Amino acid sequence: MSLESKEQHDLSLTDSSEGNDQHGPLCNIPPEPANESSTDFKQFEANDQCTPYRRIHMEPQEKSNTNFKKFVIKKLRRTCQCSPTKAKNVIFGFLPVLRWLPKYDLKKNILGDVMSGLIVGILLVPQSIAYSLLAGQEPIYGLYTSFFASIIYFLLGTSRHISVGIFGILCLMIGEVVDRELHKAGYDTAHTPPSLGMVSNGSTLLNQTSDWICDRSCYAIAVGSTVTFMAGVYQVAMGFFQVGFVSVYLSDALLSGFVTGASFTILTSQAKYLLGLSLPRSNGVGSLITTWIHIFRNIHRTNICDLITSLLCLLVLLPTKELNEHFKSKLKAPIPTELIVVVAATLASHFGKLHEKYNSSIAGHIPTGFMPPKAPDWNLIPSLAVDAIAISIIGFAITVSLSEMFAKKHGYTVRANQEMYAIGFCNIIPSFFHCFTTSAALAKTLVKESTGCQTQLSAVVTALVLLLVLLVIAPLFYSLQKSVLGVITIVNLRGALRKFKDLPKMWKVSRMDTVIWFVTMLSSALISTEIGLLIGVCFSMFCVILRTQKPKISLLGWVEESEIFESMSAYKNLQTKPGVKIFRFVAPLYYINKECFKSALYKKTLNPVLVKAAQKKAAKTKITKETVIFSGIQDEVSLQLSHDPLDLHTIVIDCSAIQFLDTAGIHTLKEVRRDYEAIGIQVLLAQCNPSVRDSLACGEYCKKEEENLLFYSVYEAMAFAEEYQNQKGVCIPNGLSPSSD
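Residue numbers for the sequence shown follow the working numbering, so the first one is 2 and each next one is one higher.
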């Protein structure tokens, strides 16, 4: 932007020749001098040799003195007052279904919603049963979880496309907590009992199992529902206090690495079902390695029937899943291969009597109807409160990121805070109905979107499919082998494991993100999911600090016939002004990188400390500067003097990329300015943002009489430096180096 164009942006351009109170930076003097420097300025003001210099002036807004007590009272009064309109907005905001359902376009949307809801419901049936094993629960509880989550998100959610229900990573985390608590309570986690022998009499379930099995299964779901309740409470609290910023620390690379690492743990936990082995579930650090050690030690006990079934299911599911994905643009709906495999495997197991003949592990009796609601076990809260933190953060981070992604794709908006409320209540309310933690899941969301979903009404259709299974069909899965469920779980990990194919592209785009991905993936897989997530977050934050500790640093050149300045190391044919060097530092200036800033500045320009030392040495030995330079002395001092300091009169620091300063940064700028002024070089700051300018003012970087020396652009600072050099000794008092705050 040229100086003439700046007149169109409410910026006043003044001329030093028009009057005493309209001087440019060479002659811009406060009306009442406060010290000797001001007196010198006054003398300089009277000098008629001062060349007119055009200068931008901006008048800051006056800050109102707000009374904190009055502000709090006003805020509370506005919050607590009630009116019919406000009550309506609060209710409609908390239940978004009341806004969009009355406006529902039946002809336009009903077909897509019914189709997508039906297909997702069919896919959820086998997955809900399979993921129940992953969470350490009976199959019926997975169906409960998917049913209640679909209904509650329909009422509270703002995304039209995401599918909320069981999610493999959360099931894994729940399963680890459940197994740990079962072990602490004295239950044998290696023994996996058959499903509860419950029969349905209307909506009442009668337990026909021994007390020991009931106690174990009931304790497992008590642990699962309690940690789910705590996770939901955390999510609602985060929504209430609007602390969704926590998800900012979970970058895409970190989440992708975490999901891939956890996928290895899921695969490992399901391997025993594929082999038909009864093994204890390893917990804690190194559980993946421990589990594989147990598997190889007991591999001679492999159930051949389960192994053959697993291989056959893999041979069917993997190719058909790939075909579904390859032809998804041509298929109106994906082929429900999982349901077909489950039905075929159940029939083969039932009529072939695989359990009776070959001792194949089966799902057992799955009851119909609903169990009476039961409160979480409050006594377990102290031991589960910490586990629920990681589960809640992963749950809402996945849900919010997916909802925002699909909202952006389809051109509507979601409320992230309401999404946190929705997923929170999708955990709190179902925890009273024997459910475990839920969140959005990418695979099912993609299926839901690709099959014509238009609104959240599709979740109701999904819930109706699950309700039909819960009331009628569930007992028919009695003979279903657990190896089939394990294969379904493993096949659904394909998406996460495919991330390895994207690594070369990720490496080209950002090596730092690739390293974060690897660290998070390896720590999540080899150590544990919770510790791996924590390590990933800490390492990601460390990488951010590392980037600011060693940022990009460059000298700038001027694009001819413009006011644009760019890095001389990145672009050719840039112009420079003799005696002026423009330095850019792309990072905040604070205690971590202050030494990097100073050393880089000295290296790119010259080191004033060494120059000053050389000058003192030359003065003591009464050797002129030219003698030192051309005498052939090759020490460091002579090398510094070879860059004749008199040839460099101004250093302009481009502060446009400096977001903030701390006390160490301000002190560093003061020190740099002092060192350069000692050898006759002025330091100017340009393009400081308001935050940096305020920090400089509070840190007393400039004297009071120098506060008007502001440079809003690098071009302006360079023009001033050139004018200053031309008028040096005439318009500028000795010992005064103008600078910008």
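Glycine is no exception: its CB is placed at the ideal position from the N, C-alpha and C atoms.
For clarity, every value in this text was computed on a predicted model and none was experimentally measured.
| Item | Value |
| --- | --- |
| Beta strand (DSSP E) segment containing I367, residue limits | Looking at the DSSP string, I367 is not in any beta strand (DSSP E), and its letter there is neither H nor E. |
| Distance CB(V693)-CB(I652) smaller than 8 Å | no |
| Per-residue DSSP class, three states only, for K704 | coil |
| Three-pair Cβ contact test at 8 Å for the region 537-552 versus the region 682-698 | no |
| R585: first and last residue of the uninterrupted beta strand (DSSP E) it sits in | 581-587 |
| Proximity to K502 [Cα-Cα], best of V520, I341, K322, T261 | T261 |
| Those residues which DSSP pairs with W559 across a bridge | F566, Q576 |
| Extent of the continuous alpha helix (DSSP H) run through D253 | 253-276 |
| Nearest neighbour of F297, chosen from A272, K410, S311, I305 [CA to CA] | A272 |
| Ordered list of alpha helix (DSSP H) runs contained in the region 425-460, each at least 4 residues | 443-451 |
| Collapsed DSSP secondary structure at D663 in the structure displayed | coil |
| Buried versus exposed call for W293 [16 or more other C-beta atoms within 10 Å across all chains shown] | exposed |
| DSSP-derived helix/strand/coil call for A687 | strand |
| Assigned secondary structure, Q482 (DSSP; H/G/I helix, E/B strand, else coil) | strand |
| Where K104 falls: helix, strand or coil (DSSP) | coil |
| Inter-stretch contact (C-beta, 8 Å, three-pair minimum) for the region 520-530 and the region 152-167 | no |
| Straight-line Cα distance separating L278 from L134 | 14 Å |
| Short Cβ contact (8 Å threshold) for T86 with R416 | no |
| Residues that L590 bridges to, as DSSP identifies them | L662 |
| Cβ pair N304, S361 closer than 8 Å | yes |
| Inter-residue spacing [alpha-carbon to alpha-carbon] between T456 and N110 | 7 Å |
| Exposed unless 16 or more other CB atoms sit within 10 angstroms - verdict on C81 | exposed |
| F748 versus F259, Y603, V492, S440, residue with shortest Cα-Cα distance | Lying before the first or after the last residue shown, residue 748 is absent from the chain, which here runs from 2 to 742. |
| C-beta atoms of P377 and F230 nearer than 8 Å | yes |
| Neighbour-count burial assignment, T146, 16 or more Cβ in a 10 Å radius | buried |
| Boundaries of the alpha helix (DSSP H) in which V317 is found, first to last residue | 305-327 |
| Local conformation of I86 per DSSP, three classes | Here residue 86 is Thr; the residue named in the question, Ile, does not match the sequence. Three-state result, T86: helix. |
| Beta-carbon proximity list for G425, same chain, < 7 Å, skipping 5 on both sides | G233, Q236, V237, G240 |
| Presumed contact (8 Å Cβ cut-off) between I680 and V612, rounded CB distance | 5 Å |
| Three-state class that DSSP yields for I300 in the structure shown | helix |
| Extent of the continuous beta strand (DSSP E) to which I680 belongs | Taken as a continuous stretch (DSSP letters only), I680 belongs to no beta strand (DSSP E), as it is neither H nor E. |
| Backbone secondary structure at I394 - three-state DSSP | helix |
| Three-state secondary structure assigned by DSSP to V244 | coil |
| Alpha-carbon to alpha-carbon, V317 and V342 | 8 Å |
| Helix, strand or coil at T227 [DSSP, three-state] | helix |
| First and last residue of the uninterrupted alpha helix (DSSP H) at I546 | 530-550 |
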